[in-house]
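Participant: In this text, residue positions in the sequence shown follow our numbering: the first is 29, and each later residue adds one. Have a look at this one.
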Amino acid sequence: MNITVFGVGYVGLTTGACLANLGHTILCVDVDESKIKILQSGKVPFFEPGLQELVTQNARKGKLRFSTSAEEGVKFGEVIFNCVGTPSNGDGSANLEYVFSVAKIVGEHLNDYKVVVNKSTVPPGTARKTAEIISEHNKNGVSFDVVSNPEFLREGNAIRAFNYPDKIVVGTASEKALPIMRKVYSGRMRTYLPIVETDWETAELIKYANNAFLATKISFINEISNICDRTGADVKIVSMALGLDYRISPRFLNPGVGYGGSCFPKDVKALIKTAHEKGYQARLLEEVDALNERQKKLMVTKIKERFNNDIQGKTFGVLGLSFKPKTNDMREAPSISIISELLAHGAELRVHDPCALEDARKIFNDKITYCSSAEEAALGSSAVILVTEWDEFRGINFSELGKLMKEKIIFDGRNIYEPELLKDEGFEYIGMGRK
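Here it is as structure tokens:
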């Protein structure tokens, strides 16, 4: 099939490359000329494991190309995926400006029947509004259908998430659109893969509910971790025991410095706002969001307490800047809050991340020192602060690292180290809810 993807951000480019790999011919369209030029030169403008290879391979085959022409995009695709960004407004609601802009463009250039697919995460009612906008600008009365098909990609593991999803959600009122969507995904259809076929609003809410529940699990275990800190319990054992209950499962029960990224913070806030607009106060989700913001600052509180509220002029090494491993994405990353708070209290920071140094430089400029290794970041520091659990940080030689530090103290923001092992190396260990 010929498929157009509007938007070459994380969702759009991953979706386009993976669909091309299923054998479809893909045209990715974006108004950002600089991004399109980067992609046309054969490079990917962000880091996602395996994506560069997938883009290169399918572009070489002629299955994937890039353009800034919206009209070309509308006329090319039998199916049009709307994958543009939906950033948060100041009040937490989803900014749908770009989604509706694509809908307007589609309406203006419709030349034959199209299935228009909202892939971006959007609140209930968006598909309905999308259909209205297309109809308003569809002066020639060309037939079309709108589908809500939310993405469930996971940064750092997006290609596998696309190829081996736990579900595909398709929301539409059209019997004509359903077999077309099945054809789009035919390369990865398996008898045991649940396909949830439903209406627009239910499909849209499924994505928000999915992310809000996972965010709730994270905030829940962080709350338990904070209670462990005050009672002397060990959260590692508590979370392990919880995970043994088949009704709960161990996934997302890893306490730390809070969640970040482009999905959980934005989607929780948007769901809270959607509920409010419908006359309901989602108090549980409000507390999930509020606790997460508190959690980001808890590490700074631990650091200040350890140094008797005086960190002026002290040097700290920060390991990990992206909101999670295997990505350079720093959107809503806990590292931003931690670094900003430490700077405000007069600390000097030496930071290292395998992929996100340039992204951090855009945020902090020359306020911090950027290092090419964990060892360089630890040099002369009073403590090392682990913020993002990259695999390369798990194998650090602490015997050698300690020789570079002024004081042998580690703040483990993700509980990836065993306290006893660190103590054996002469380190003082401070984790999140650990003994």
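All C-beta atoms in this analysis are idealised placements derived from N, C-alpha and C, irrespective of residue type, glycine included. Note that the structure is a prediction, hence the values are computed from the model and not measured.
Where G374 and I339 are concerned, what is the direct C-alpha to C-alpha distance, given to the nearest angstrom?
Facilitator: To locate residue 374, count along the sequence shown from 1; it is residue 346. To locate residue 339, count along the sequence shown from 1; it is residue 311. As the crow flies, the alpha-carbon of G374 is around 7 Å from that of I339.
Participant: Cβ of F439 within 9 Å of Cβ of R334?
Facilitator: Position 411 of the sequence shown, counting from 1, holds the residue named residue 439. Position 306 of the sequence shown, counting from 1, holds the residue named residue 334. Contact flag set, yes.
Participant: Taking a contact to mean a Cβ-Cβ separation below 9 Å, would you say I187 touches V144 in this structure?
Facilitator: Within the sequence shown, residue 187 is the residue found at index 159, counting from 1. Within the sequence shown, residue 144 is the residue found at index 116, counting from 1. Taking 9 Å as the Cβ cut-off, I187 and V144 do not qualify as a contacting pair.
Participant: Tell me which same chain residues have a C-beta within less than 7 Å of the C-beta of P382, skipping the five on either side of it?
Facilitator: Stepping through the sequence shown from its first residue, residue 382 is reached at position 354. W418, E420.
Participant: Grab me the residues of V83's own chain with a C-beta within less than 6 Å of its C-beta, minus the 5 sequence neighbours each way, in chain order.
Facilitator: Sequence index remark: in the sequence shown, residue 83 carries index 55 (1-based). So the list reads A45, V72, once near-sequence residues are dropped.
Participant: Could you tell me the alpha carbon to alpha carbon distance between L449 and E360, rounded to whole angstroms?
Facilitator: Your numbering for residue 449 matches position 421 in the sequence shown. Your numbering for residue 360 matches position 332 in the sequence shown. Approximately 32 Å, taken between the alpha carbons.
Participant: Would you kindly work out how many angstroms separate the C-alpha atoms of E403 and L432, rounded to a whole number?
Facilitator: Mapped onto the sequence shown, residue 403 falls at position 375. Mapped onto the sequence shown, residue 432 falls at position 404. Answer to the nearest angstrom: the Cα atoms are 7 Å apart.
Participant: Where does G105 land, buried or exposed, given buried means 16+ other C-beta within 10 angstroms?
Facilitator: Here residue 105 refers to the residue found at position 77 of the sequence shown. Buried is the call here.
Participant: Kindly indicate the opening and closing residues of the beta strand (DSSP E) around D173.
Facilitator: Here residue 173 refers to the residue found at position 145 of the sequence shown. 172–176 is the span of the beta strand (DSSP E), which, as asked, contains D173.
Participant: From what residue to what residue does the beta strand (DSSP E) around K463 run?
Facilitator: On the sequence shown, residue 463 is found 435 positions in, with the first residue counted as 1. Counting along the chain, K463 sits inside no beta strand (DSSP E), nor does DSSP assign it H or E at all.
Participant: To the nearest angstrom, how far is the alpha carbon of G441 from that of A189?
Facilitator: Working through the sequence shown from its first residue, we reach residue 441 at position 413. Working through the sequence shown from its first residue, we reach residue 189 at position 161. Approximately 26 Å between the Cα atoms of the pair.
Participant: Among residues of its own chain, excluding the 5 on either side of N49, which ones have a beta-carbon nearer than 7 Å to its beta-carbon?
Facilitator: Here residue 49 refers to the residue found at position 21 when the sequence shown is read from its first residue. Excluding positions up to five away in sequence, the list reads L82, N86.
Participant: I'd like to confirm the pairing. Which residues does DSSP put opposite D440 in its beta bridges?
Facilitator: Position 412 of the sequence shown holds residue 440. Answer is L414, bridged to D440.
Participant: For P178 versus K147, is the C-beta distance shorter than 9 Å?
Facilitator: Position 150 of the sequence shown, counted from the start, is the residue given in the question as residue 178. Position 119 of the sequence shown, counted from the start, is the residue given in the question as residue 147. Yes, the Cβ-Cβ distance between P178 and K147 is below 9 Å.
Participant: Is DSSP giving C399 helix, strand or coil here?
Facilitator: Here the question's residue 399 lines up with position 371 in the sequence shown. In this structure, C399 counts as coil in the three-state DSSP scheme.
Participant: Measuring only the C-alpha atoms, how far is G35 from L92?
Facilitator: Taking the sequence shown and counting its residues from 1, one reaches residue 35 at position 7. Taking the sequence shown and counting its residues from 1, one reaches residue 92 at position 64. CA-CA distance, G35 to L92, rounds to 14 Å.
Participant: Taking the C-alpha atoms as reference points, what is the distance between A405 and S290?
Facilitator: Residue numbering aside, residue 405 sits at position 377 when the sequence shown is read from its first letter. Residue numbering aside, residue 290 sits at position 262 when the sequence shown is read from its first letter. Their Cα atoms are separated by approximately 27 Å.
Participant: Note the first and the last residue of the continuous alpha helix (DSSP H) segment covering T6.
Facilitator: Outside the modelled stretch of the chain, which goes from 29 to 463, sits residue 6, for which no answer is possible.
Participant: Taking only runs of the alpha helix (DSSP H) that begin and end inside the stretch 239–298, which ones reach a length of at least 4 residues, in chain order?
Facilitator: 263–271
Participant: Look up V33 in the DSSP assignment and give the residues it is bridged to.
Facilitator: Numbered from 1 along the sequence shown, position 5 holds the residue referred to as residue 33. Secondary-structure assignment with DSSP links V33 through a beta bridge to C56, F109.
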